[in-house]
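Structure record follows, encoded as structure tokens.
Numbering (the numbering used here), first residue to last: 476 to 718.
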């Protein structure tokens, strides 16, 4: 879906499948156990796996006591899920809707996890490299091989990558691979399958890279567990988001 914004606050959630939301270079991967609070006016893109259905609540900023000014992931339990579905009805009286929205707001608790940033380059040469990696996260080619493919030296590509993305080639590729693996894991794919799909030979190598990059395991990242390591709603299908 093209970048867009809403005059209301949005709580974006999928009752099945996996929802993806992008705000600039930041991407959130949201299984049914998580939703994302999007403040009014924030430009974002949404997409999802094919079977997902987006269930959004739109809340009037003038009657919302939450003061969150940045996109914020929240946990979704059974009660919150039922309330989101309940507010999707069109036959609710205004006073009934307001009371239910108040309960929803009381149930929103921010999760400590952060999105995985994958900056988008501007330089055409760097974009050629990142496009190839995004098309095939498991692409095993080295920095030297990518430099030869676009007709520059290793030193030049190294400099361009840092200047354009703020990251080294290796760091950018690792972030991209972690982001590409999350929807697979959120769908319930085995770690070994997700690891292989994004270029890791073993599950242990992938898990070690994920912990180094994100600071926790994929499972804890998706659930938000960091321990030990306009009013009204509607539903609509959403388009795949390029991850």
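We put the beta carbon where it would ideally sit given N, CA and C, even for glycine.
In whole angstroms, what separates the C-alpha of residue i from that of residue j?
{"i": "residue 532", "j": "residue 614", "result": "39 Å"}
{"i": "residue 493", "j": "residue 627", "result": "39 Å"}
{"i": "residue 708", "j": "residue 694", "result": "The predicted position of residue 708 is uncertain, since its pLDDT is 47 and thus under 50; no value can be drawn from it."}
{"i": "residue 639", "j": "residue 530", "result": "36 Å"}
{"i": "residue 701", "j": "residue 654", "result": "Since pLDDT at residue 701 reaches only 48, below the 50 mark, its modelled position is unreliable, and the value read off the structure follows with that caveat. For residue 701 and residue 654, the distance between alpha carbons rounds to 18 Å."}
{"i": "residue 485", "j": "residue 536", "result": "10 Å"}
{"i": "residue 495", "j": "residue 698", "result": "15 Å"}
{"i": "residue 635", "j": "residue 624", "result": "15 Å"}
{"i": "residue 631", "j": "residue 664", "result": "38 Å"}
{"i": "residue 491", "j": "residue 629", "result": "44 Å"}
{"i": "residue 692", "j": "residue 553", "result": "24 Å"}
{"i": "residue 703", "j": "residue 518", "result": "With a pLDDT of 43 at residue 703, under the threshold of 50, the modelled position of this residue cannot be trusted; read the value that follows with caution. Rounded to whole angstroms, residue 703 to residue 518 spans 35 Å at the Cα level."}
{"i": "residue 681", "j": "residue 591", "result": "15 Å"}
{"i": "residue 668", "j": "residue 538", "result": "46 Å"}
{"i": "residue 481", "j": "residue 595", "result": "24 Å"}
{"i": "residue 551", "j": "residue 525", "result": "21 Å"}
{"i": "residue 690", "j": "residue 587", "result": "11 Å"}
{"i": "residue 488", "j": "residue 510", "result": "5 Å"}
{"i": "residue 478", "j": "residue 620", "result": "34 Å"}
{"i": "residue 618", "j": "residue 633", "result": "8 Å"}
{"i": "residue 716", "j": "residue 523", "result": "In this prediction, residue 716 has a pLDDT of 46, which is less than 50 and means its spatial position is unreliable; nothing more can be read from the coordinates."}
{"i": "residue 711", "j": "residue 622", "result": "With a pLDDT of only 44 at residue 711, under 50, the local geometry of the prediction cannot be trusted, and the value read off the model is given with reservation. Taking the straight line from one Cα to the other gives about 43 Å."}
{"i": "residue 642", "j": "residue 498", "result": "19 Å"}
Since residue i contacts residue j with CB under 8 Å, what's their CB separation in whole angstroms?
{"i": "residue 652", "j": "residue 673", "result": "4 Å"}
{"i": "residue 593", "j": "residue 502", "result": "7 Å"}
{"i": "residue 575", "j": "residue 558", "result": "6 Å"}
Please report the residue range of the alpha helix (DSSP H) in which residue i lies.
{"i": "residue 498", "result": "Element bounds for residue 498: not the alpha helix (DSSP H) but the beta strand (DSSP E), 494 to 498."}
{"i": "residue 596", "result": "Neither: residue 596 is in no alpha helix (DSSP H) and is coded neither H nor E."}
{"i": "residue 673", "result": "Residue 673 -> no alpha helix (DSSP H), and no H or E assigned at all."}
{"i": "residue 663", "result": "No alpha helix (DSSP H) holds residue 663; DSSP gives it neither H nor E."}
{"i": "residue 697", "result": "693 to 698"}
Considering residue i, what are the terminal residues of the beta strand (DSSP E) in which it resides?
{"i": "residue 510", "result": "509 to 513"}
{"i": "residue 739", "result": "No information on residue 739 is available, as it lies outside the stretch 476 to 718 that the chain covers here."}
{"i": "residue 485", "result": "484 to 489"}
Legend entry - Three-pair Cβ contact test at 8 Å for the region 539 to 555 versus the region 576 to 584: yes
Inset, instruction - With a floor of 4 residues, list each alpha helix (DSSP H) that falls wholly inside the region 518 to 570, ordered by position along the chain. - result: 553 to 562
Legend entry - Contact the region 500 to 516 vs the region 572 to 580: 3+ CB pairs below 8 Å: no
Legend entry - Inter-stretch contact at 8 Å, needing at least 3 Cβ pairs: the region 556 to 567 / the region 513 to 528: no
Inset, instruction - Indicate whether the contact test is met: 3 or more Cβ pairs, each with one atom in the region 596 to 608 and one in the region 634 to 652, closer than 8 Å. - result: yes
Legend entry - 3 or more residues per run - each beta strand (DSSP E) lying fully within the region 611 to 648: none
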